[in-house]
Every structure is written in C-alpha cells, then in structure tokens.
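Structure first, then comments.
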Amino acid sequence: MSIHITFPDGSVRPYEAGVSGWDIAKSLSEGLARQVLAAKVNGVVQDLSATITTDATICFLKWEDAEGQNTFWHSTAHLLAEAVEALFPDAQFWVGPALEKGFYYDIDLGDYKLTEDDLRKLEMKMSALAKNNAPFIRKAMQKEEAIAWFTEKGDRYKLDLLHGLEDGNISFYTQGNFTDLCRGPHIPHTGFIKAIQLTSIAGAYWKGDENNKQLTRIYGISFPAQKELDEYLALLEDAKKRDHRKLGKELELFAFSENVGLGLPLWLPKGAMLRERLQQFLQKAQMESGYLPVITPNIGHKNLYVTSGHYEKYGKDSFQPIKTPQEGEEFLLKPMNCPHHCEIYKTAPRSYKDLPLRLAEFGTVYRYEQHGELHGLTRVRGFTQDDAHLFCMPEQVKEEFKTVIDLVLYVFKSLGFTNYTAQISLRNKEDRSKYIGSEENWQRAEQAIIEAAAEKGLTTVTAYGEAAFYGPKLDFMVKDAIGRKWQLGTIQVDYNLPERFDLTYIGEDNARHRPVMIHRAPFGSMERFIAVLTEHCAGKFPLWLAPVQVKLLPISDRFLPYAQNVLLQLKKADIRVEMDDRNEKIGKKIRDAERMKIPCMLVIGEQEVAEGKAAVRRHGKGNMGARSVEEIIAGLRQEVEENQ
RNA sequence: GCCGUUGUGGCUCAGUGGUAGAGCACUUCCUUGGUAAGGAAGAGGUCGUGAGUUCAAUUCUCAUCAACGGCUCCA
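Quick note, the first sequence lines up with residues 1 to 644 if you use full-length UniProt numbering.
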C-alpha cells in the first residue's frame with residue numbers, strides 16, 4: 001500500500017506504508033540524512049526509526065530546530081546516565097530531561113559525594129561511549145513487564161515513576177549498555193554527540209519536595225561540534241560581563257556589607273542617583289494618571305497584619321515582631337504596603353465620587369528571604385516597591401486594570417524592554433489550601449484579569465499555582481543576563497483585603513458598598529528592576545538615567561580654569577557632570593571614562609579654550625567634534641527629553 | 001533551610017607546612033601630554049572567623065560565617 005507524505009514546502013510524495021522517517025530523509029538527500037535528528041510527523045516529534053503507516057505531514061528536525069536540540073540534549077542525558085552507571089554501578093536514576101539550554105539528570109549516588117574530577121571522568125566516558133555510534137532503540141513494554149524489570153534491578157525511583165504511567169503507553173530506550181524508562185523520542189545514535197560539557201553539580205530534592213531525599217543533579221550541555229561548544233562558552237563569558245553584581249561593583253552603584261546584614265543593599269551615590277531618576281520618571285507618569293502620593297511608616301502594629309492575613313500566612317517564617325519596652329506591644333517590619341494604604345482609605349468616609357482612589361508610595365519593605373535565595377539585587381531582604389493601591393468600584397475594575405497595563409507597557413517601552421512575557425498567575429489547580437478568600441471573589445478577579453489582558457491585546461501565558469495567596473496576578477517577566485527569569489511589574493486584583501479591613505464607600509444609591517483593590521508595581525521593586533535594567537543595557541544607561549552624564553577631560557592642568565567654568569555652566573543647566581582633573585594624559589582619562597560607561601565626554605585643550613568650545617566624545621562612538629558649550633547643553637537637554 | 005564549590009591587601013588573581021606576592025586602584029615626585037593605560041618611588045594584608053593536629057599553619061582537619069551554582073521558598 002502506498003501513502004502520501006506531505007513536506008513543509010507543501011510538496012507531496014508517495015511512499016510505501018511502513019516507511020521510516022529515516023528512509024524518507026535518505027530518499028530526499030544523503031546530506032539531510034546525515035544531519036537529521038528526529039522527525040515531526042503530524043505535529044508530533046518522534047524517532048526517525050518510527051514507521052509511518054498512513055498519510056502524514058513530515059518535518060525533519062535538525063540541530064537548528066529548537067525541538068531538534070531538545071531531543072539531542074535529552075539523548076545526551078541518557079548518555080550521561082550510561083556513563084554514570086558504568087562508573088558508579090550502584091547509582092539509581094530519577095529523571096533526566098532536556099532544558100532550554102542543555103540537560104540534567106537526577107541521580108541517587110548513596111552517600112557518595114560527586115566531585116569536579118568525577119565530572120571530567122564522566123565527560124571522558126561519555127565521549128568514548130558516543131563514539132560507538134550506539135543506536136537508541138525503542139521498545140514498547142507492558143506495565144507489568146516494566147515493573148518486573150525494575151523490581152529485579154531494585155530501582156525504586158523508576159518504579160515510582162512507573163506507577164504514575166498508564167499501561168500501554170510505556171516504552172524503554174536502550175543505547176549501548178544502558179536502558180531507561182523513557183517516552184522518547186531520541187536521536188538516531190550517540191555518534192551525533194561530539195562535544196560535551198558537564199557544567200555543574202547540585203542537590204535537588206526528589207520530586208521537588210524539601211521533605212524528600214536530596215538527589216545529586218548533574219547539569220550539562222552538548223553539541224554536534226566542538227566549535228559550537230566553544231561558541232556557547234564564549235557567550236557565557238559575555239553574559240558574565242553583564243551580570244549586575246559585577247557591573248554594580250564596577251560602576252559603583254551598590255554594595256553589600258556583612259556588618260549591615262545579608263540581603264540589605266547599600267546604595268552608593270551613583271546607584272542612588274540612577275534610582276532617583278527612575279522614581280521621578282514614574283512619579284511623573286503617575287501624577288498624570290491621577291495617583292496621589294502617600295507615605296507610611298516602616299513598621300506597623302502586629303494587629304494590622306493579623307487583620308490583613310499576612311501574619312497568619314508569613315508570621316512564623318518572617319522577621320519576628322519587635323516590642324515596645326514598657327507595654328510589650330508587638331510591631332512588625334513592614335513586609336507589605338497594602339495594609340497601611342487600607343488604613344489611609346479608612347481615614348475618611350468615601351463616596352463613589354472619590355473612586356477610583358489611587359494611593360502611591362515608594363514603600364520600603366522587609367521580608368525574611370531564605371539564606372540560599374539571596375541573589376544580588378534581584379532577591380534581597382529589604383527593598384522598595386513602586387507600590388500603589390487603586391480602590392475602585394467593582395464595575396471599574398476592568399477599566400482600571402487596563403489603564404495599569406498601559407502604564408506598565410509605557411514604562412517597559414521607555415526603558416527598552418521589548419523582550420518580556422506577560423504571565424497570568426492563577427491558583428494551583430489541585431491544591432487550594434494556601435489561598436484565602438471566597439471562590440466567587442477569586443473567579444471574579446481571575447475573570448477581570450483575563451479579560452483586561454485580552455482586551456489590551458497582550459500575549460500571555462497562564463501559570464497555575466503562581467497566584468498570590470490573596471488573589472490572581474498579571475506578572476511581567478524578564479530574563480536576566482544568565483537567562484534566569486525574574487518577575488518585574490505586577491498587577492493584582494484583590495477582593496479580599498477590602499473585606500478584611502471592612503472598606504466601604506457610599507454608592508449612588510446611598511448604600512454602603514465594598515470597593516475592590518488593585519495592587520500594582522510597574523517596576524516591581526527598585527532593586528530588582530535596576531538589576532535587570534543594568535544587565536539589559538550592559539551598564540550603558542541612557543543619557544537621561546546615567547548617574548554621571550558628562551565627564552570633563554582637560555588635556556592638561558593649564559586648561560583647568562576654563563574647564564571649571566564649563567563645569568559650572570553645565571551644573572547650572574542641571575546636567576550631572578564631573579571633571580577629571582587628575583594629572584594624567586588624555587588617553588588615560590578617556591579610557592577610564594569609557595570604562596565607567598559615561599555617555600558623554602568633553603575634551604578640553606588649547607584649541608577648545610581658544611574657540612570657547614569643547615570637543616564632544618560619546619561613549620562607544622568616539623570623537624564627534626568641537627561645539628560651543630551652549631550648543632552642547634541644548635543638545636543634551638533635547639536628548640534627555642526625547643528619550644525619557 | 002538543603003546539596004555542591006569557593007573565601008589571600010580597595011579590585012582581579014598567583015602562591016607555600018617555616019608568619020606572603022603580581023597587576024590595577026591609592027599616595028608622593030617627575031612629566032603638561034590631543035581621543036582607550038607616560039615614568040619613578042611609596043604605603044597597604046595577623047591569607048573570612050574560631051578551634052584542633054604539629055616544634056611550626058595562610059597552607060592539613062573540624063566547626064562557623066559569607067559569596068557563588070542549584071533545590072525548596074518568594075505577600
């Protein structure tokens with residue numbers, strides 16, 4: 001019997017039923033057959049050796065395809081397991097999936113502690129095994145048979161895995177001496193794997209539960225050619241240079257001190273300047289959108305958080321209350337601004353005419369983060385939220401929510417973030433024990449978010465289990481230099497706190513009604529935002545944000561008096577300017593200013609003094625020629641206004 | 001909190017069972033130099049902290065603290 005295979009370009013060719021993907025690839029070209037890793041048949045990725053019995057569309061996956069890489073790395077994980085089993089016969093295996101970049105395998109090595117040396121040995125073993133060109137052979141198995149196989153092997157992890165699988169849907173893969181329970185698919189044989197690097201060892205709780213045993217996780221990456229591994233390593237090097245922790249030190253933005261405490265950043269003058277520019281930028285936008293600034297204290301009575309529900313939820317695992325010496329009254333370091341803002345709402349009777357009431361505060365909060373979680377400025381124990389709470393009538397929620405989306409997108413656009421993900425964070429589907437509030441309110445809130453996002457045309461992903469304990473969120477996620485994802489902006493609908501604080505407003509009908517609260521923070525936290533922004537622009541902040549916008553570079557101290565004069569003029573024009581009056585050559589001064597990524601340098605020498613000018617040099621661009629000081633000021637001002 | 005790695009002057013890093021070195025930065029002097037490092041001299045560290053082994057520890061062992069890579073967590 002003959003079947004019709006449709007190719008991506010739309011062409012159709014006849015084949016015998018039962019033909020394999022590989023046969024088809026070979027029929028097209030030998031070159032293709034040498035490169036192809038897997039086949040996507042009717043949209044499903046499968047082994048090349050799998051046969052095709054009916055009409056189908058086919059697409060060959062090569063290294064260049066994301067799904068091809070995925071398969072490649074998954075197969076490498078099996079190769080790793082084979083090497084581990086060869087070197088550590090008692091090892092028991094859990095799972096070994098592919099990642100966005102690379103793969104890992106979780107392994108129980110008993111009490112053995114894996115070392116870096118072991119990784120090198122494993123790499124060598126893997127390379128040796130790969131050279132055997134061992135095919136990945138699939139074998140379907142009955143559940144009973146599979147259980148018997150692993151029981152005999154004494155493999156409790158795989159048995160656990162098996163129990164969750166449906167009979168009739170179980171397959172094994174064997175390459176060389178290693179057989180693993182696996183859904184597949186895999187690349188044709190190990191010979192494709194030419195370059196391997198095992199990158200790190202880590203502990204990982206079995207099934208991600210910290211009550212379970214910790215397995216040894218081996219991370220690695222592999223490529224079809226050494227050249228590509230080298231390129232990848234070079235890319236990693238480059239990413240390291242953008243790391244905000246490194247740049248923060250180099251550009252003197254922030255620092256940490258053990259004497260101050262873990263996760264408590266110290267903002268240095270340059271970092272503080274940057275942060276203030278950002279705050280002013282947002283404050284301006286918020287004033288235009290009808291926000292009202294408020295200020296609340298850094299501590300609050302424990303009862304405030306008992307009322308809000310935060311105490312019950314986080315009290316034990318957070319900084320413990322501080323007490324007044326006489327009365328023994330308990331106060332908490334402010335972990336959230338919302339309860340304070342609720343109290344501000346309650347200071348006066350509110351009419352529907354007052355709503356929406358938008359209270360904004362750059363509020364500094366303190367949260368006890370686990371030691372191992374602290375990370376530069378992205379995860380700290382004291383940070384400042386660009387927080388605001390919008391109190392509105394239920395019928396205003398969606399409109400208000402949409403306005404906030406606009407604000408967040410405006411912020412992102414102004415700062416050059418184009419590569420973000422909008423994530424609708426909803427409750428965990430199975431486990432609802434950690435959430436508070438009525439089912440009805442949750443559904444209304446979820447509905448409001450989903451609709452608002454859709455009406456704004458946002459492309460969103462939905463993440464279950466990522467909601468806050470009191471309500472669903474719309475989170476804006478951005479990746480850092482090393483590819484880690486961070487939540488920046490967030491918008492949350494909250495029906496819960498207004499109830500807990502018994503917030504009301506008088507409606508048109510002269511009756512009391514319950515307002516709805518929207519929490520929102522476009523930056524999220526100033527700390528995290530600046531971290532991600534720093535990595536995003538590799539420390540080259542735009543002129544309007546740069547802590548030092550202009551550096552004056554007099555060629556010799558003969559020109560200092562003139563340069564002093566220029567310095568004064570620029571300062572009077574509100575330009576953030578410094579002068580390098582060191583006894584150094586101009587080349588050295590330029591080098592240092594360039595390394596500090598200062599956007600604009602003004603070189604002043606004999607020529608400039610004579611003409612009443614300064615020679616403009618822009619960061620990374622070189623000499624732009626001499627201009628009068630007035631002209632320079634006007635140009636800088638214009639650039640600041642245009643880009644802000 | 002858990003697993004693993006690391007911890008040497010302000011920064012980046014070398015090094016040794018017999019109480020330490022380089023480059024940059026810093027200070028002083030010389031130099032007054034035109035678009036990414038001018039020269040010389042000098043100062044600066046009880047080698048994260050505590051205990052143990054040893055005649056002797058920065059070097060070995062243990063503990064502890066912190067940073068880093070993960071896991072778990074994240075109002």
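For each residue, glycine too, the CB sits at the ideal point set by N, CA and C.
Give the single residue among the options whose Cα lies nearest to the Cα of residue i.
i	options	result
Lys589	Glu606, Asp574, Leu553	Leu553
Ile405	His310, Gly437, Arg627, Ile518	Ile518
Pro14	Ile24, Leu568, Ile3	Ile3
His189	Asp167, Ala130, Thr53, Lys153	Ala130
Phe223	Tyr205, Gly191, Gly248, Glu210	Gly191
Pro185	Ile218, Trp206, Tyr205, Phe136	Phe136
Arg427	Leu474, Lys402, Thr418, Ala452	Leu474
Glu578	Gly587, Lys585, Ala134, Val603	Val603
Thr6	Ala81, Glu631, Val41, Gln564	Val41
Glu639	Arg618, Gly96, Ala626, Ile218	Arg618
His389	Val493, Ala445, Leu409, Ala453	Val493
Phe178	Phe88, Ser200, Ala531	Phe88
Thr216	Gly96, Leu159, Ser75, Leu292	Gly96
Quick check: the Cα distance between residue i and residue j, rounded to an integer number of angstroms?
i	j	result
Gly416	Gly18	52 Å
Leu61	Thr490	38 Å
Gly539	Arg242	7 Å
Ala50	Gln197	30 Å
Gln286	Leu264	28 Å
Leu503	Leu251	46 Å
Leu282	Asn583	41 Å
residue 690	Ile450	Missing from the structure shown is residue 690; the chain here goes from 1 to 644 and no further.
Pro321	Gly43	57 Å
Arg358	Arg484	33 Å
Pro297	Asp386	15 Å
Thr460	Leu488	15 Å
Arg576	Met126	57 Å
Arg379	Met336	16 Å
Lys597	Glu361	31 Å
Glu166	Met141	11 Å
Asp9	Gly290	54 Å
Leu409	Glu440	30 Å
Determine, using beta carbons only, whether residue i and residue j come nearer to each other than 8 Å.
i	j	result
Arg275	Ser318	no
Tyr464	Lys429	yes
Val548	Leu570	no
Leu407	Pro522	yes
Glu499	Arg512	no
Glu400	Ser425	no
Ala546	Pro599	yes
Gly300	His340	yes
What three-state label does DSSP hand residue i in the structure shown?
i	result
Pro349	coil
Lys597	coil
Phe256	coil
Phe523	coil
Ile137	strand
Tyr366	strand
Val566	helix
Thr418	coil
Gln35	helix
Gly203	strand
Thr504	coil
Val306	helix
Glu144	helix
On the DSSP letters alone, give me the boundaries of the alpha helix (DSSP H) that residue i sits inside.
i	result
Ile632	629-643
Phe223	Note, Phe223: premise wrong, no alpha helix (DSSP H); beta strand (DSSP E) at 214-223.
Gln607	606-611
Asp230	226-242
Glu121	Note on residue identity: the sequence assigns Lys, not Glu, to residue 121. Unbroken alpha helix (DSSP H) run through Lys121: 116-130.
Met273	269-288
Ala454	439-455
Ser75	66-87
Gly382	Here Gly382 belongs to no alpha helix (DSSP H); instead the beta strand (DSSP E) covers 382-392.
Which first and last residues belong to the beta strand (DSSP E) in which residue i is found?
i	result
Ile299	299-301
Trp486	485-494
Val397	From DSSP, Val397 is part of no beta strand (DSSP E) but of the alpha helix (DSSP H) over 397-414.
Leu333	330-333
Gly102	102-108
Asp475	473-479
CB of residue i to nearest heavy atom of the ligand GTP: below 7 Å?
i	result
Thr403	Inclusion of the ligand GTP in the displayed structure is not the case, the ligand content being empty and no account of it being possible.
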